[in-house]
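Sequential numbering from 43 applies to the sequence shown in my numbering.
The structure under discussion appears below in the form of structure tokens.
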Amino acid sequence: MLGALATTAVSQTPSYQVTDLGTLGGFSSIAWDISDAGLVVGQATTNDHDAVMGFSFDGALSELDPFPGGQAIAFGVNEGGHAVGVQFHLGDVGGVAAIWHNGTTTQLGAFEARGINDANFVVGMQLDTLGGVTPVTWQAGMMNNLPTLTGGKGAARAVNNEGLIVGGSTNAAGANRATAWVAGNPIDMGTLGGQRSDAYDTEDGGWVVGSADLANGSPHAFRARMVGSSVTGFTDLGTVEGGTSQAYGVNAAGDVVGTSDWNAFLWRDGMMHNLNQLIVTQGWELTHAMAINSAGEIVGRGRHDGELRAFLLTEVTCEGDLNGDNMVDLSDLASLLAHFGTSGVSRADGDLDGNGTVDLADLAALLAHFGEVCN
């Protein structure tokens, strides 16, 4: 019986170690994307009047080249290690899109690059002084505008290796709608009963995630799948605390990450998990999960001891290791027993199956792995 309970606990929810990615000398940082190889990109402040600079993280934080005297943000990265984003000066309308790779910066043109696939096909948006926004693509030195829905405005945010582009575009009523571009043609992906929606990420296999309004106007995270030019499986992923939610990232397995009621979440196998309940590292409040890779590593932003920081979540390989020391030992057992029967607790307190209570199933899972040492 205890063995069966332990198997259930292991299969339902992962646990995570949190890594603070730091800053470039300033007070804050945000991680926007992670490759399957584990390369993270984002933005961080420096000690130069808190200027914002793009960064890459592969075990250490490195600044990406901005304009001279300017700033930069890196929004996306591909498996070749090419990061994309925008260079700008404060007060600029838009900026200049850039690719950073192995210490070299290539400027792409006057637009904001948001996503890149493994063929170095780049998508983004171009802004003008009148408030117009146009979805654009770039490849091999050529920038092209994408057609929009009937409202005439739009932004492209992500592209997968099959060439599926996603983002948002306005309809004739002026409402923004989640949009998929298939062979260059815009497709309105719909909503959850309301007027507005937006798409933020896509992955190979046609997965698309974003946010869509309910009939009452409340936005909820969604996951859908594009099969050719057809929108399938448009699913409301729910919320953490009954409020609102937005989905920002998806991997090839269809796992989704985002934010709900100021809690970073993971949606997997039909269940939304508050990531704050799954971490074994103390001192963190995870607010936004922005991307997830094929290994299940998650990046985003939160507060570490009160400071705004980019984070990297890595799954703990020891089931039952509550304190993240890579051992299942007496300290873990003591923590679980101290919270036994308690509700509203976290993974670090012993809630291994994520049901909100430390109970016999959690105890069984820990005892099944007691004495293990993980690398």
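The beta-carbon is built from N, C-alpha and C at its ideal position, and this holds for glycine as well.
Which residues DSSP lists as bridging asparagine 187, in chain order: Val178
Output the distance between the C-alpha atoms of leucine 378 and aspartate 391, rounded to the nearest integer angstrom. 6 Å
How long is the line joining the alpha carbons of threonine 384 and aspartate 404, rounded to whole angstroms? Near 12 Å, if we compare the C-alpha coordinates of aspartate 404 and threonine 384.
- Spell out the partners DSSP gives asparagine 227 in its beta bridges. Val224
* Asked: Do glycine 136 and glutamine 181 come within 8 Å of each other at the CB atom, strictly closer than that value?
  -> no
Requested in this report: Reducing DSSP to helix, strand and coil, say where asparagine 202 ends up.
Outcome: Judged by DSSP in its simplified three-state form, asparagine 202 adopts coil rather than helix or strand.
Q.
To test your reading of the DSSP string, which unbroken beta strand (DSSP E) runs of 3 or more residues are found completely within the region 289-325?
A. 298-302, 305-310 and 313-316
Whole angstroms is fine: what's the gap from tryptophan 142's alpha carbon to glycine 166's? 16 Å
Can you list, in chain order, the residues of its chain whose CB lies under 7 Å from that of glycine 112, leaving out five sequence neighbours each side? Gln129, Phe130 and His131
(message) Distance check for glutamine 149 and tyrosine 242, CA to CA, integer angstroms please.
(response) 24 Å
CA nearest to the CA of glycine 232, picked from Gly247, Asp255 and Gly226: Among Gly247, Asp255 and Gly226, the Cα nearest to that of glycine 232 belongs to Asp255.
key: Inter-residue CB distance, glycine 344 and threonine 329 (contact presumed, cutoff 8 Å)   = 5 Å
| message | Please state whether the Cβ-Cβ distance between leucine 206 and threonine 244 is less than 8 Å. | response | Against a cut-off of 8 Å, the Cβ pair of threonine 244 and leucine 206 comes out as a contact.
Nearest by alpha-carbon distance to glycine 386: which of Leu354, Met332, Val341 and Asn316 is it? Asn316
TODO: Would you check if the region 300-307 and the region 265-273 touch, i.e. whether three or more CB-CB distances between them fall below 8 Å?
DONE: no
| query | What is the DSSP secondary structure of aspartate 75, reduced to helix, strand or coil? | reply | strand
TODO: Work out the CA separation of isoleucine 158 and tryptophan 223 for me, nearest whole Å.
DONE: Spanning the alpha carbons of tryptophan 223 and isoleucine 158 requires a straight line of approximately 15 Å.
message: For a test of the three-state rule: what should DSSP assign to leucine 328, helix, strand or coil?
response: strand
* Between which two residues does the beta strand (DSSP E) carrying leucine 378 extend? -> Per DSSP, leucine 378 belongs to no beta strand (DSSP E); it is in the alpha helix (DSSP H), 372-380.
**Prompt:** Taking DSSP as the reference, what is the three-state secondary structure of leucine 354?
**Reply:** strand
message = If you reduce the DSSP assignment to three classes, tell me which class alanine 215 lands in.
response = Alanine 215: coil per DSSP, three-state reduction.
6 Å CB neighbourhood of isoleucine 334 in its chain, flanking five on each side removed = Once the five neighbours on either side are set aside, the close Cβ partners of isoleucine 334 are Gly291, Asn293, Asp297, Val299 and Ile340.
Does the beta-carbon distance from aspartate 100 to glycine 127 come in below 8 Å? no
query = Leaving out five residues before and five after leucine 66 in sequence, what residues of the same chain have Cβ atoms less than 7 Å from its Cβ?
reply = Ala86, Thr87, Thr88, Met95, Phe97, Leu103 and Glu105
request  = Please work out which residues of its chain come closer than 8 Å, Cβ to Cβ, to glutamine 237, disregarding the five sequence neighbours upstream and downstream, and give them in chain order.
outcome  = Ala215, Ala217, Asp255 and Gly259
I'd like the span of the beta strand (DSSP E) that includes aspartate 404, first residue to last.
From DSSP, aspartate 404 is part of no beta strand (DSSP E) but of the alpha helix (DSSP H) over 402-410.
_Between Glu154, Lys195, Asp160 and Asn186, which has its C-alpha nearest leucine 172's C-alpha?_
Lys195
Spatial neighbours of valine 52 in its chain, beta-carbon cut-off 6 Å, leaving aside the 5 residues before and after:
Only weak support is given to the placement of valine 52: the predicted model assigns it a pLDDT of 42, under 50, and the question is left unresolved by the model.
Sequence-distant residues of its chain with Cβ nearer than 6 Å to phenylalanine 382 (five each side left out): Val400
Is it right to say glutamine 324 is buried, meaning 16 or more other beta carbons lie within 10 angstroms of its own, or is it exposed? exposed
Determine the DSSP secondary structure at aspartate 243, reduced to helix, strand or coil. strand
Would you check if the distance between the CB atom of leucine 408 and the CB atom of leucine 375 is smaller than 8 Å? yes
Whose CA, out of Asp367, Thr212 and Val415, lies closest to the CA of glycine 174? Thr212
*asked:* I'd like the list of long-range same chain contacts for alanine 257, defined as Cβ closer than 7 Å, with 5 residues on each side in sequence excluded.
replied: Within the same chain, Gly235 and Gly236 come within 7 Å of alanine 257 by CB-CB distance, once the 5 residues on both sides are set aside.
>> Taking 6 Å as the limit between beta carbons, can you name the residues of its chain near glycine 284, skipping five residues before and five after?
In response: none
| Between Asp62, Gly123 and Val60, which lies nearest to aspartate 160 when the distance is taken from Cα to Cα? | For aspartate 160, the nearest C-alpha among the options comes from Gly123.
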